[in-house]
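Below: the structure, in structure tokens.
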Amino acid sequence: MLAYMRSQRGGGAVADTLASAGIPLSLMAQPDARITRQQYVALYKSVAAQLDDEMLGLWSRPIRSGTLKYLMLSLLDTPTVMVALNRFVRFWNLLLDDYRLQMVRKNDTVRLALIARTPASNANPLGHGLMMKLVHGVTSWLLGREVAVHKVEFCFARPRYVQDYIFLFPGGVSFDAAATSIYLDEKDCASAFKREKHALWGFLKRAPEDWTFAAVNRTSLAAKTRIFLEPRIDEAITIQDLADALHLSVRNLTRKFAEEGTGFQTVKDDLRRDIAVHKLTHSNVTVAALALDLGFSNSAVFCRAFRQWTGDSPTAYRKGARDRE
Numbered sequence: 000m001l002a003y004m005r006s007q008r009g010g011g012a013v014a015d016t017l018a019s020a021g022i023p024l025s026l027m028a029q030p031d032a033r034i035t036r037q038q039y040v041a042l043y044k045s046v047a048a049q050l051d052d053e054m055l056g057l058w059s060r061p062i063r064s065g066t067l068k069y070l071m072l073s074l075l076d077t078p079t080v081m082v083a084l085n086r087f088v089r090f091w092n093l094l095l096d097d098y099r100l101q102m103v104r105k106n107d108t109v110r111l112a113l114i115a116r117t118p119a120s121n122a123n124p125l126g127h128g129l130m131m132k133l134v135h136g137v138t139s140w141l142l143g144r145e146v147a148v149h150k151v152e153f154c155f156a157r158p159r160y161v162q163d164y165i166f167l168f169p170g171g172v173s174f175d176a177a178a179t180s181i182y183l184d185e186k187d188c189a190s191a192f193k194r195e196k197h198a199l200w201g202f203l204k205r206a207p208e209d210w211t212f213a214a215v216n217r218t219s220l221a222a223k224t225r226i227f228l229e230p231r232i233d234e235a236i237t238i239q240d241l242a243d244a245l246h247l248s249v250r251n252l253t254r255k256f257a258e259e260g261t262g263f264q265t266v267k268d269d270l271r272r273d274i275a276v277h278k279l280t281h282s283n284v285t286v287a288a289l290a291l292d293l294g295f296s297n298s299a300v301f302c303r304a305f306r307q308w309t310g311d312s313p314t315a316y317r318k319g320a321r322d323r324e
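Written as structure tokens, this is what we have:
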């Protein structure tokens with residue numbers, strides 16, 4: 000999100016922008032650090048406003064402020080989602096130089112794909128991810144419900160932080176595809192909808208929150224594991240316990256984890272980290288109490304784990320977050 004700003008305006012501008020969103024600068028040096036949903040939205044808005052680019056400098060030309068507003072206004076009077084998506088595609092194809100959107104109906108699905116205009120086009124993972132989120136978020140908003148996604152494909156290699164994609168996109172997620180694509184249900188796309196302008200203003204005011212977080216995937220094994228673990232995070236839960244709860248063998252469960260590019264302990268550690276980060280920044284719970292709440296034998300073991308996750312001790316992490324408030 001900050002790469003283009005850093006290249007154009009330097010580290011000082013990046014530090015100021017992070018501060019405006021309440022994000023400690025120290026988190027930039029921590030690959031596995033996490034920010035809150037509210038911080039993400041604040042950061043997105045700040046970068047977009049400063050660059051006058053609603054896509055954060057991720058495409059070959061800036062997407063000027065107001066673009067989303069006029070895109071959405073152009074969709075309100077369409078009779079069905081299919082017609083709205085056709086306008087969505089045509090609208091973006093007037094703006095993008097490096098890629099074009101393509102819509103194809105086949106086998107009861109509607110595929111929207113980003114097609115490179117030239118072989119030299121460089122796929123920016125965040126830009127491609129945001130475009131797929133925008134397709135799904137806009138479609139869901141038009142219908143007033145979360146629409147199903149058959150699958151999402153990305154044209155770049157599987158990233159180290161693949162788990163984030165699994166949670167943000169309902170349906171299967173794969174990489175190294177010929178083109179970045181999202182597959183929607185044709186029945187949803189054929190549906191009529193009715194949305195008024197007064198509802199649109201709220202959607203635009205909250206942007207990018209409503210379309211970025213239109214869905215949180217609860218069908219993946221990682222998501223089911225987190226749901227199972229969260230109320231039991233202080234217990235010594237094993238993969239056998241999870242297998243019994245899901246009526247699977249440990250071998251089958253391990254294979255399914257591998258297909259998602261993760262594992263039981265990784266999901267458990269990620270959940271512990273996310274809970275720890277949230278409580279350290281949103282409560283006054285002591286480090287010792289938090290360690291016990293997360294199922295650690297003592298605070299020293301928790302502190303070592305937290306430093307591995309974030310690069311900081313729990314106390315330093317909490318102080319860094321509060322210093323920026």
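Under numbering that gives the first Met the number 0, the first residue of the sequence shown is numbered 0, with each subsequent residue one higher. The beta-carbon is built from N, C-alpha and C at its ideal position, and this holds for glycine as well.
Self-check item: residue 71 versus residue 262: straight-line alpha-carbon distance, rounded
Solution: 40 angstroms
Self-check item: 4-residue-minimum alpha helix (DSSP H) runs that sit fully inside the stretch 123–187, ordered along the chain
Solution: 124–142 and 161–167
Quiz item: What are the boundary residues of the alpha helix (DSSP H) that residue 28 is part of?
Solution: Run containing residue 28: none; DSSP gives neither H nor E here.
Self-check item: Span separating the alpha-carbon of residue 83 from that of residue 198
Solution: 17 angstroms
Practice problem: Take residue 79 and list the residues in its own chain whose beta-carbon comes closer than 8 angstroms to its own, dropping the five residues that flank it on each side. | Solution: 188, 189, 190, 191 and 192
Practice problem: Report all residues from its chain with a CB closer than 6 angstroms to the CB of residue 161; omit the five preceding and five following residues, and keep chain order. | Solution: 260
Exercise. Would you please state the rounded distance, in angstroms, between the beta carbons of residue 133 and residue 210? I believe it to be under 8 angstroms.
Key: 5 angstroms
Quiz item: Which term fits residue 121, buried or exposed, when burial requires 16 or more other beta carbons within 10 angstroms of its beta carbon?
Solution: exposed
Practice problem: Leaving aside the five residues before and after residue 12 along the sequence, list all residues of the same chain whose C-beta is less than 8 angstroms from its C-beta, in chain order. | Solution: 4, 5 and 49
Quiz item: residue 181 and residue 229: beta carbons closer than 9 angstroms?
Solution: no
Self-check item: Beta carbon of residue 297 nearer than 9 angstroms to that of residue 290
Solution: yes
Self-check item: Best match in 46, 81 and 77 for proximity to residue 64 [C-alpha to C-alpha]
Solution: 46
Quiz item: How many whole angstroms separate the CB atoms of residue 176 and residue 152, which I take to be in contact at a CB cut-off of 8 angstroms?
Solution: 4 angstroms
Practice problem: Pair every Cβ in the stretch 269–283 with every Cβ in the stretch 29–47, then say whether three or more of these pairs are closer than 8 angstroms. | Solution: yes
Self-check item: Straight-line Cα distance separating residue 285 from residue 205
Solution: 34 angstroms
Exercise. State buried or exposed for residue 53, treating a residue as buried only when at least 16 other CB atoms are found within 10 Å of its CB.
Key: buried
Quiz item: What number of angstroms, rounded off, separates the C-alpha of residue 280 from the C-alpha of residue 317?
Solution: 6 angstroms
Quiz prompt | N-terminal and C-terminal residue of the beta strand (DSSP E) that residue 34 is part of | solution = Unbroken run through residue 34: none, as it is neither H nor E.
Quiz prompt | Rounded straight-line distance, which links the Cα of residue 91 to that of residue 179 | solution = 15 angstroms
Quiz prompt | Same chain, Cβ closer than 8 angstroms to residue 127, neighbours up to 5 away in sequence not counted | solution = 113, 153, 154, 155 and 179
Quiz prompt | Within 9 angstroms, strictly: CB atoms of residue 19 and residue 41 | solution = yes
Quiz item: For residue 25, is the classification buried or exposed, using 16 other Cβ atoms within 10 angstroms of its Cβ as the cut-off for buried?
Solution: buried
Quiz item: Distance, Cα to Cα, residue 15 vs residue 39?
Solution: 15 angstroms
Exercise. Could you spell out the range, first to last residue, of the beta strand (DSSP E) harbouring residue 75?
Key: No beta strand (DSSP E) holds residue 75; DSSP gives it neither H nor E.
Self-check item: Residue nearest to residue 233 in terms of C-alpha spacing, selected from 256, 268, 223 and 246
Solution: 268
Exercise. Apply the 10 Å Cβ neighbour rule to residue 139 and answer buried if 16 or more other Cβ atoms are within range, or exposed otherwise.
Key: buried
Quiz item: By a C-beta neighbour count over all protein chains shown, 10 Å radius and 16 as the cutoff for buried, is residue 235 buried or exposed?
Solution: exposed
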